[in-house]
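Trainee: First to last, the sequence lines map onto chains W and Y. So in the working numbering the end of the first sequence lands on 373, straight run, no missing numbers. So in the working numbering the end of the second sequence lands on 373, straight run, no missing numbers. Built from N, CA and C at the ideal position, the CB exists for glycine as well. Being a predicted model, the structure only gives us computed values, none of them experimental. The structure is given below, and queries will be raised subsequently.
Number of protein chains: 2
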Amino acid sequence: MKPANDTLLRALRRQPTETTPIWLMRQAGRYLPEYNETRRRAGDFLALAHSPQLATEVTLQPVERFGLDAAILFSDILTVPDAMGLGLCFTEGEGPAFERPVRTESDVMALAAPDPHEKLGYVLDTVRSVRAALGGRVPLIGFSGSPWTLACYMVEGGGSEDFRTVKTMLYTRPDLMHRLLQVNARAVADYLNAQIAAGAQVVMLFDTWGGVLTGPAFREFSLAYTAQVVARLQREHEGDPVPSIVFVKGGGAWLEAIAACGCDAVGLDWTQDLGQARVRIGGSCALQGNLDPAALFAPEAVLRSEARRVLESFGAPRNADGTYGGHIFNLGHGISRFTRPEAVAALVDAVHEESRRLRGADAPQAGGASPA
Amino acid sequence: MKPANDTLLRALRRQPTETTPIWLMRQAGRYLPEYNETRRRAGDFLALAHSPQLATEVTLQPVERFGLDAAILFSDILTVPDAMGLGLCFTEGEGPAFERPVRTESDVMALAAPDPHEKLGYVLDTVRSVRAALGGRVPLIGFSGSPWTLACYMVEGGGSEDFRTVKTMLYTRPDLMHRLLQVNARAVADYLNAQIAAGAQVVMLFDTWGGVLTGPAFREFSLAYTAQVVARLQREHEGDPVPSIVFVKGGGAWLEAIAACGCDAVGLDWTQDLGQARVRIGGSCALQGNLDPAALFAPEAVLRSEARRVLESFGAPRNADGTYGGHIFNLGHGISRFTRPEAVAALVDAVHEESRRLRGADAPQAGGASPA
């Protein structure tokens, strides 16, 4: 069933929209006082993520407060390896870690893709509960970490500055790494399909650590498995198409290859120019991004001009051949916990106003003066 | 005076070389037991960097041990702001920090470019001492952090994950940021020219944090000031040209602009393809890079094939128009402290052997079968 506000879904399918849709990576998060209040009630992050009721509450909070065009499931990118039995935990100030990292051949051989209905039911319950709470206002985005990004955490056992352990496995035992990534690809595809069956209307793959690889290694160990996941995704649910978004942080050099992986949209970090990206992929995908999250610390006039610059860098909605480009406004990375909620409100309004205005300015041109 | 091994100097000037020269960022460092021994005697990193005798010792160590084609001055990228009076200190495990960060308008207004002869004499003494100790074997590379990268540390007061403080100044008070960067550009140019006068035969600018900016901000706040520095550099010393290298970590998207800043060579991280980079800049600069430092954790056969892949990605030494491309082999980032010295020895040999072999294989082609 189509949500009342289907701007995001149309932009993802490169259909015309009156405004550029906007949502923000990590929009349900610590910059919101109401989030911190719910988290306090939950006890900690994992308890919050495991409670469908509280996870629904925080998923809805930014949608209630701002005029965002989508909700994104509140969850963690590491739920899948946690369901594999690696023991996800969070240490204050250190980020996520696994109690039982994957280091040896027997560790890898013991891995199996978990049945999401059995092991990740709490996420699927949250998806259903969020859909009910949204009441068809805006679409719900489900997500997972990419097979490679999950592998980074699984092998390193947590965050890393140099990815020494996982890269040593990659260079020394590529066979083991491929085995691990096969399991991850199966697990992520099953997980996202279960989210779709439960009601996720869009799915996104976060390849947070794809950009730490060389080009050939990225294609072999990251993109190949992201493409496997995308190929296995349900493209439709109850008659509605379910678009997919792939975001590779630091992956600008490989944009053409990423856009060819089968996804509907590519997320870009803020080092890339959207207009150049659009030319490079020849309009084959929608593009999502790419404001510098630090622009939210700017005075409102500067924030508005930065937002406008991002919109203008993408350019006119229509391509030269009469089709549409498809731009989803977002940050180039997750929102900072130090952001003032008032800045987010100003950004959402600015993106809607400026994109509507730019479409107005563009309309006569598109009908006549364009050289194409 | 030309060093006995001038392969690096020729490659930087895009002249023919028999092998591809190789040196490694941070080649004098903690992966070498003899370095750790000298550092232990010095007491700590800063004492080591401040002692011309000990800094000379560690600068020479990798040159003595491996067949490297250059020495790089042992020093820190933050010597300049330290000389401005900000109080550089190192906290165990936290990296460099400044006791008096630059946060307010009056902090910025109080900054002045230090006279390198007065405040950085210990570095210049080290340059002279290293030149004497090298005895003309290989050229000596001097260096500094770029104006923007220095500004990041000066405003943040140390390392950062999100560069929130410096970006807030950039977006909120661009006038102050420009004032700070003007001072830095003057200071870095004076510093590098003093290094050249003392005997540095090549100079390199490290823009470690250029890649955290948007494209327009990179051009305005980073590249413009790097270009100012390059424009002010002495291009010759005692009749010999002094080439410059600019390295922007994560700057692949802006390669054309970086190559046009006036430098002789551009350093690339390992996400970029050297052959594509060469095409993009049309042979206007030499290229330095770009092995993944983690490849040094691979078995020797894999390390060799990764080194060969980097050499092959650059391609034949000669351009289509008969000029030469100019490739300097390096890592795409500083060497890891966990690297085994034996792996470095194997890498240096592999690069020399494979590049000599590829030149042999290329020679008949270049004379005949090449379509160009």
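On the premise that W:Ser-285 lies in contact with W:Leu-206, defined as a C-beta separation below 8 angstroms, what is that separation, rounded to the nearest angstrom?
Mentor: The pair is not a contact, with the Cβ atoms about 17 angstroms apart (cut-off 8 angstroms).
Trainee: Against chain Y, with Cβ distances strictly below 7 angstroms, would W:Gly-368 count as a contact?
Mentor: Residue placement at W:Gly-368 is poorly supported in this model, since its pLDDT is 36, which falls under 50; the coordinates are not used for a value here.
Trainee: Out of Y:Cys-264, Y:Pro-63 and Y:His-51, which one is the CA nearest neighbour of Y:Cys-90?
Mentor: Y:Cys-90 has its Cα closest to that of Y:His-51, out of Y:Cys-264, Y:Pro-63 and Y:His-51.
Trainee: So, helix, strand or coil for Y:Glu-19, using DSSP?
Mentor: DSSP places Y:Glu-19 in coil when its eight states are reduced to three.
Trainee: Does any residue of chain Y bring its CB to less than 7 angstroms from the CB of W:Phe-298?
Mentor: Yes, W:Phe-298 lies at the interface with chain Y (some Cβ there is under 7 angstroms from its Cβ).
Trainee: So with CB distances below 7 angstroms, who are the chain W contacts of Y:Arg-165?
Mentor: Going along chain W in sequence order, the residues near Y:Arg-165 (Cβ under 7 angstroms) are Ala-295, Phe-298, Ser-337 and Phe-339.
Trainee: Counting Cβ pairs closer than 8 angstroms, one from the segment 106-116 of chain W and one from the segment 166-182 of chain W, do we hit at least three?
Mentor: Yes: at least three Cβ pairs fall under 8 angstroms.
Trainee: Taking only three categories from DSSP, how would you classify W:Ala-228?
Mentor: Reduced to three states, the DSSP call for W:Ala-228 is helix.
Trainee: For W:Ala-113, does the three-state DSSP call read helix, strand or coil?
Mentor: In this structure, W:Ala-113 counts as coil in the three-state DSSP scheme.
Trainee: Identify which residue in W:Gly-252, W:Val-213, W:Thr-166 and W:Ala-321 has its Cα closest to the Cα of W:Thr-105.
Mentor: For the residues W:Gly-252, W:Val-213, W:Thr-166 and W:Ala-321, the minimum Cα distance to W:Thr-105 belongs to W:Thr-166.
Trainee: Output, in chain order, the set of chain Y residues within a Cβ distance shorter than 8 angstroms of W:Val-382.
Mentor: Examination of residue 382 of chain W is not possible in this model, given that chain W is present from 2 through 373 alone.
Trainee: With a threshold of 7 angstroms between beta-carbons, can W:Tyr-32 be considered close to chain Y, or not?
Mentor: It does not; no Cβ of chain Y falls within 7 angstroms.
Trainee: What is the residue span of the beta strand (DSSP E) that Y:Cys-90 lies within?
Mentor: Where Y:Cys-90 is concerned, the enclosing beta strand (DSSP E) stretches over 89-92.
Trainee: Verify the CB distance criterion: does Y:Asp-176 have a CB-CB separation below 7 angstroms to chain W?
Mentor: No - not a single Cβ of chain W is within 7 angstroms of the one on Y:Asp-176.
Trainee: Where do the ends of the beta strand (DSSP E) carrying Y:Asn-291 lie?
Mentor: Note, Y:Asn-291: beta strand (DSSP E), 287-292.
Trainee: Within a Cβ cutoff of 7 angstroms, which residues of the same chain sit near Y:Thr-57, ignoring the five residues on either side of it in sequence?
Mentor: So the qualifying residues of the chain are Thr-127, Ser-130, Val-131 and Ala-134.
Trainee: Quick one, are the C-beta atoms of W:Ala-5 and W:Gly-137 less than 7 angstroms apart?
Mentor: For W:Ala-5 and W:Gly-137, yes; Cβs fall inside 7 angstroms.
Trainee: On the three-pair Cβ rule with 8 angstroms, is the segment 347-355 of chain Y touching the segment 31-47 of chain Y?
Mentor: No: the two stretches stay apart, fewer than three of their Cβ pairs being nearer than 8 angstroms.
Trainee: W:Ser-371 to Y:Glu-221, Cα distance in whole Å?
Mentor: A caution first: W:Ser-371 carries a pLDDT of 37, below 50, which makes its placement in the model unreliable, though a value can still be read off. One C-alpha to the other measures close to 31 angstroms.
Trainee: What in chain Y is Cβ-close to W:Phe-272, meaning under 9 angstroms?
Mentor: Before going further, note that residue 272 of chain W is Thr rather than Phe in the sequence given. Here the neighbours are Gly-212, Val-213, Leu-214, Thr-215, Gly-216, Phe-219, Gly-251, Gly-252, Gly-253, Ala-254 and Trp-255.
Trainee: Does the count of Cβ pairs from the segment 114-122 of chain Y and the segment 190-204 of chain Y closer than 8 angstroms reach three?
Mentor: They touch, by the three-pair rule.
Trainee: Express the C-alpha separation of W:Ala-201 and W:Leu-125 in angstroms, rounding to a whole number.
Mentor: So the alpha carbons of these two residues sit roughly 9 angstroms apart.
Trainee: Closer than 8 angstroms, Cβ to Cβ, to anything on chain W: give me those residues from the segment 116-141 of chain Y, in chain order.
Mentor: So nothing in the stretch comes that close.
Trainee: Identify whether W:Asn-194 lies in helix, strand or coil by the three-state DSSP scheme.
Mentor: Correct three-state label for W:Asn-194: helix.
Trainee: Where W:Arg-357 and Y:Asn-320 are concerned, what is the direct C-alpha to C-alpha distance, given to the nearest angstrom?
Mentor: Cα to Cα, the separation comes out at about 49 angstroms.
Trainee: Tell me the residue span of the alpha helix (DSSP H) that contains W:Asp-126.
Mentor: Element bounds for W:Asp-126: 122-135.
Trainee: I'd like to confirm the pairing. Which residues does DSSP put opposite W:His-238 in its beta bridges?
Mentor: Partner(s): W:Asp-241.
Trainee: List, in order along the chain, the chain W residues whose C-beta lies closer than 8 angstroms to that of Y:Thr-169?
Mentor: Residues of chain W passing the Cβ test: Ala-295, Phe-298 and Ala-299.
Trainee: Just to confirm the assignment, what range does the alpha helix (DSSP H) spanning W:Asn-37 have?
Mentor: Note, W:Asn-37: alpha helix (DSSP H), 34-43.
Trainee: Can you look up Y:Asn-331 in the DSSP assignment and give me helix, strand or coil?
Mentor: Looking at Y:Asn-331 - three-state DSSP - the assignment turns out to be strand.
Trainee: When DSSP labels each residue in this structure, what does W:Gly-268 get in the three-state scheme?
Mentor: In the structure shown, W:Gly-268 sits in a strand (DSSP, three-state: E or B).
Trainee: Could you please give me the residues that DSSP links to W:Met-205 through a beta bridge?
Mentor: DSSP lists W:Phe-144 and W:Ile-246 as partners of W:Met-205.
Trainee: Kindly examine the ligand MN and report whether one of its heavy atoms sits closer than 6 angstroms to the Cβ of Y:Val-109.
Mentor: Of the ligands one can find in the structure shown there are none, so the ligand MN has no counterpart to examine.
Trainee: Report the residue from W:Gln-28, W:Met-2 and W:Thr-18 whose alpha carbon sits nearest the alpha carbon of W:Leu-297.
Mentor: Answer by Cα proximity: W:Gln-28.
Trainee: In terms of DSSP beta bridges, what is Y:Ile-78 paired with?
Mentor: Partner(s): none; Y:Ile-78 has no beta bridge.
Trainee: Which first and last residues belong to the beta strand (DSSP E) in which Y:Ala-98 is found?
Mentor: Residues 96-99.
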